[in-house]
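In this note's numbering, the protein residues as written are 1 to 322.
Where is the CB? At the ideal position from N, CA and C, for every residue including glycine.
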Amino acid sequence: MGIFSSSNQLPVDGKTVLITGASEGLGRSAAIQFSAKGANVIIVSRSVGKLEQAIADIKAAARNPQTQRFHFISADVSKPDYAQPLLEQAVKWNNGKAIDIVWCTAGMSTPGFWAESPMSVKRAEMDVNFWGSAELAHATLRQWCAPDAPVLPEPKHFIFTASVVAFFPTLGYGNYTPTKAAMRGLADTLVQEVEAYPQNVKVHIVYPGTILSPGFEREELTKPKITQMIEDGDPRLTPEEVATRAIAGLEKGHYSVTVGFFPGAFLRWGAQGGQPRNNWVVDTIMGAIVPFIWIFALPDIFGKIRKFARDNGHPASYTKTA
């Protein structure tokens, strides 16, 4: 997936990008950088005041200020059924054309010991982090991959934002980690599913570490001391740095995008290694062997999906047993 590609796999000049959670942090920085690359940008968040401030900075960064367009939509991604109306508003503003790139960066984290924090916190994080992205993915892919949707040479791109804790859970993030692990599972499934459709759609997932954003400042208010000790020494990047590195990975065509060697790439390479071993010898040996097996297994799985798509047509026409 882009391993040997040298050309830009995510050109945005003249394209329309929609980013949730873009009034601050990573989303805001990504929007500014896409604007500087020539994109039309729609940003989404709850706070109109923050959106107005962000849109001014995004406009100021425009590569082609005479032709680029910018818009914001106030929406709460934690609310059920928010995504379809949001997408309809975005498409209407985009002159009836489907959005080219959708990036979910909206998220929240309230660290604390699992047993000591209320269930309401856990449900709130799942609503924002997982369901907020999952629902937008559902609405977007239903539009992009509809039976009557055009089959275009240039792909549409849907981007999730997870976290390195999806590779290695850390004490104190019990409220947060399951939301990102669920997102990882969904993205890993959808990157297969889109292969079954005739439309050209790509799915990506970004795994940042610590971002020095307003969200991080809010995290520190409840973060257990032991969690801070475990994180001590981890790289801390600005939203601008994370956006730059994430976009660079997306432009290379990467599906799974990390923003540095440690902890991102290191944990991704050894994702299965963060759990306690059942047997140190067997599990260590197999941990070294399994990546080589995937060299053959993944192409076989994707080959079967693509063959099934050729043989059976659009998934909307499948029978329940197909």
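Beta-carbon contacts of residue i that lie in its chain and below 8 Å, excluding the five residues immediately before and after
i	result
R63	D13, S35, A36, K37 and G38
E135	V77, P80, D81, Y82 and A83
P111	G172, Y173, N175, Y176, E219, T222, K223, P224 and T227
E52	F72
Residue i - DSSP class collapsed to helix/strand/coil
i	result
G14	coil
R63	coil
S163	coil
T258	strand
F72	strand
V77	coil
H138	helix
V206	strand
K92	helix
F158	strand
I43	strand
I211	strand
I3	Since pLDDT at I3 reaches only 48, below the 50 mark, its modelled position is unreliable, and no value is offered.
E151	Reading off the sequence shown, one finds Val at residue 151, where the question assumed Glu. DSSP places V151 in coil when its eight states are reduced to three.
T238	coil
G38	coil
T20	strand
Close Cβ partners of residue i (< 6 Å) along its chain, the five nearest in sequence each way excluded
i	result
H71	I42 and W93
A106	T20, G21, V77 and G132
L212	R236 and T238
H314	P147
A31	I19, A22, V41, I43 and I58
Local Cβ density within 10 Å of residue i, reported as buried at 16 or more and exposed below that
i	result
S6	exposed
M108	buried
N312	exposed
E88	exposed
S29	buried
F160	buried
L18	buried
I3	At I3, the pLDDT of 48 sits below 50, so the modelled position is not reliable and the matter cannot be decided from this model.
Q33	buried
S23	buried
A288	exposed
M183	buried
D100	buried
L337	Within the shown structure, residues of the chain are numbered from 1 to 322, placing residue 337 beyond reach of any answer.
F248	Here residue 248 turns out to be Ala, not Phe, going by the sequence shown. A248 comes out exposed.
A60	exposed
Top-ranked residue by Cα proximity to residue i, from the options
i	options	result
Q199	Y173, D311 and R142	R142
I226	L171, Y255, L250 and R236	L171
T244	V290, G260, F266 and M229	G260
A316	I211, V194 and L26	V194
K156	E125, G174, A181 and H204	H204
Q192	V44, D100, Q9 and F308	F308
Y318	G215, P147 and G270	P147
F266	R69, V44, E220 and D234	D234
A75	S47, N95 and K59	S47
C104	Y173, I73, N129 and V281	N129
A98	A124, A149 and V121	A149
Q68	W294, I230, T16 and V201	T16
Beta-carbon proximity list for residue i, same chain, < 7 Å, skipping 5 on both sides
i	result
K304	none
R268	F167, Y207, S256 and T258
So does the region 157-171 actually touch the region 116-123, counting three or more Cβ pairs closer than 8 Å? no
Could you check whether the region 226-240 touches the region 179-189, counting it as contact only if at least three pairs of C-beta atoms, one from each stretch, sit closer than 8 Å? no
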